[in-house]
Amino acid sequence: MSPLRSMALIALGSLMCAGVAQAQSCDWPLWQNYAKRFVQDDGRVLNSSMKPTESSSEGQSYAMFFALVGNDRGSFDKLWTWTKANMSGADIGQNLPGWLWGKKPDNTWGVIDPNSASDADLWMAYALLEAARVWNAPQYRADAQLMLANVERNLIVRVPGLGKMLLPGPVGYAHAGGLWRFNPSYQVLAQLRRFHKERPNAGWNEVAESNARMLADTASNPHGLAANWVGYRATSANTGLFVVDPFSDDLGSYDAIRTYMWAGMTAKADPLAAGMLKSLGGMSRATAAAATGFPPEKIHVTTGEVEKNNGYSPIGFSASTIAFFQARGETALAQLQKAKVDDALNKALAPSAPDSAQPIYYDYMLSLFSQGFSDQKYRFEQDGTVKLSWEAACAVTR
């Protein structure tokens, strides 16, 4: 073989190896397995509600974001197309997605509860805006604009003594006598910044400030913990105060755990980031005090009391606090949670593991958010845009 031919073959081999390495770095096996397990071919997400055959707007919205992070435009389009057609009556400008879809009492299939869930609405709008930007797909941006205008009309309210705030849904959260109910985990600071960038006159930064005030309120949150639900009661035309939600309790659990994750993923340079991490420091103390070293499944925010459950802590709770502890400089706590999640996922997703060993939807979903962030698949910038690892190196998957 001539020296020239030998060098050419070596160069070709190097290019092939580089191509394989790039393809491997651009793949996201966790998303691919998640999609295989939970997402139908038509884009409907199963198992994201109480019944396996039902679908929720939450499940659809999170899957859209994961598809974006995984550079899976084909799945993204199917997810959005199914959601828009089936949960919004094909008119997203008029109908926010009903939060629950499945088999109705009359045995037909459709929206079971037309009330929307604003966290899903915002995740969809956010995923659409960012998909439009990175995939150069203007129709996604047009849909996001319609959704945001709808949210601004129906879910953004001005509250006495607080300012603009996001309702969890159109029905059931603004009550007679000056009472409102809020869900801290529904508001992701990066999203609010991105919406301000897109619609600077709509008041999204004011919503961000109001949310930060809710988390920092020491009267309703004396131990630095996030509640699942928070009440706010007007005391006059211009004043009010946060209270324990009268329709539930002061518990922080499966909703609230996401609040810590969003805070930990916020861009460090955001002017509200440091304050939010400080406001939620009670989770660090509660986790460090636990015999297992894992976050409590249920904790009362007004007393700091942990409900006894034999030390059980879902893997999704550990997943949700990795970025939070890391952002607070609590490396040992973060590493302990990461080790638990890695071990659980490695065992559950091993080729020899039965399907029954795989994580349930909620744990798996929280783990995708956490693992993707830890593995630097994505980052939120100060202006709310998402920085995706595949943008510079990978071709769009179609």
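Mapping of the sequence shown onto mature numbering (1 follows the signal peptide of the UniProt record, and there is no 0): residues -23 to -1, 1 to 375, in sequence order. A virtual CB, placed ideally from N, CA and C, is assigned to each residue, including glycine.
Of all the options the options, which has the alpha carbon lying nearest to the alpha carbon of residue i?
i, options, result
"residue 245", "204, 50, 138 and 304", "304"
"residue 219", "324, 282, 129 and 155", "155"
"residue 268", "289, 256 and 252", "289"
"residue 87", "299, 309 and 75", "75"
"residue 46", "370, 365 and 369", "365"
"residue 63", "43, 215 and 32", "32"
"residue 22", "199, 90, 184 and 342", "342"
"residue 171", "359, 367 and 232", "359"
"residue 123", "318, 339 and 61", "61"
"residue 159", "168, 135, 175 and 265", "135"
"residue 100", "40, 132 and 77", "40"
DSSP three-state call for residue i: helix, strand or coil?
i, result
"residue 86", "strand"
"residue 259", "helix"
"residue 33", "strand"
"residue 45", "helix"
"residue 281", "coil"
"residue 27", "coil"
"residue 276", "strand"
"residue 268", "coil"
"residue 151", "strand"
"residue 254", "helix"
"residue 315", "helix"
"residue 245", "coil"
"residue 365", "strand"
In angstroms with no decimal places, state the Cα-to-Cα distance between residue i and residue j.
i, j, result
"residue 278", "residue 207", "10 Å"
"residue -3", "residue 284", "In this prediction, residue -3 has a pLDDT of 46, which is less than 50 and means its spatial position is unreliable; what the coordinates show is noted afterwards. Distance between the alpha carbons of residue -3 and residue 284 is about 47 Å."
"residue -1", "residue 70", "Unreliable positioning characterises residue -1 in this predicted model, as indicated by a pLDDT of 49, which lies under 50. A coordinate reading is not provided."
"residue 144", "residue 102", "16 Å"
"residue 212", "residue 138", "9 Å"
"residue 353", "residue 84", "45 Å"
"residue 314", "residue 295", "5 Å"
"residue 199", "residue 311", "24 Å"
"residue 179", "residue 335", "42 Å"
"residue 228", "residue 282", "10 Å"
"residue 363", "residue 112", "13 Å"
"residue 174", "residue 167", "11 Å"
"residue 58", "residue 194", "41 Å"
Buried or exposed, going by whether 16 or more other CB atoms sit within 10 Å of the CB of residue i?
i, result
"residue 34", "buried"
"residue 337", "exposed"
"residue 107", "buried"
"residue 224", "exposed"
"residue 323", "exposed"
"residue 116", "exposed"
Quick check on the DSSP output: the beta strand (DSSP E) that includes residue i runs from which residue to which?
i, result
"residue 157", "156 to 159"
"residue 78", "77 to 80"
"residue 356", "355 to 357"
"residue 176", "Run containing residue 176: none; DSSP gives neither H nor E here."
"residue 135", "133 to 136"
"residue 140", "140 to 143"
"residue 61", "That residue, residue 61, is in no beta strand (DSSP E); its alpha helix (DSSP H) goes 50 to 64."
"residue 165", "No beta strand (DSSP E) contains residue 165, which DSSP labels as neither H nor E."
"residue 73", "Counting along the chain, residue 73 falls outside any beta strand (DSSP E), and DSSP gives it neither H nor E."
Following the continuous alpha helix (DSSP H) through residue i, name the residue where it begins and the one where it ends.
i, result
"residue 239", "234 to 242"
"residue 211", "Looking at the DSSP string, residue 211 is not in any alpha helix (DSSP H); the run it does join, the beta strand (DSSP E), is 207 to 211."
"residue 305", "Looking at the DSSP string, residue 305 is not in any alpha helix (DSSP H), and its letter there is neither H nor E."
"residue 220", "Unbroken run through residue 220 is the beta strand (DSSP E), 217 to 221; no alpha helix (DSSP H)."
"residue 224", "Segment: none, residue 224 is in no alpha helix (DSSP H) and carries neither H nor E."
"residue 111", "95 to 112"
"residue 13", "6 to 15"
"residue 184", "181 to 193"
"residue 351", "338 to 351"
Would you verify that the beta carbon of residue i is, or is not, closer than 8 Å to some beta carbon of chain D?
i, result
"residue 191", "Of the chains in the structure shown, none is chain D; there is only one protein chain."
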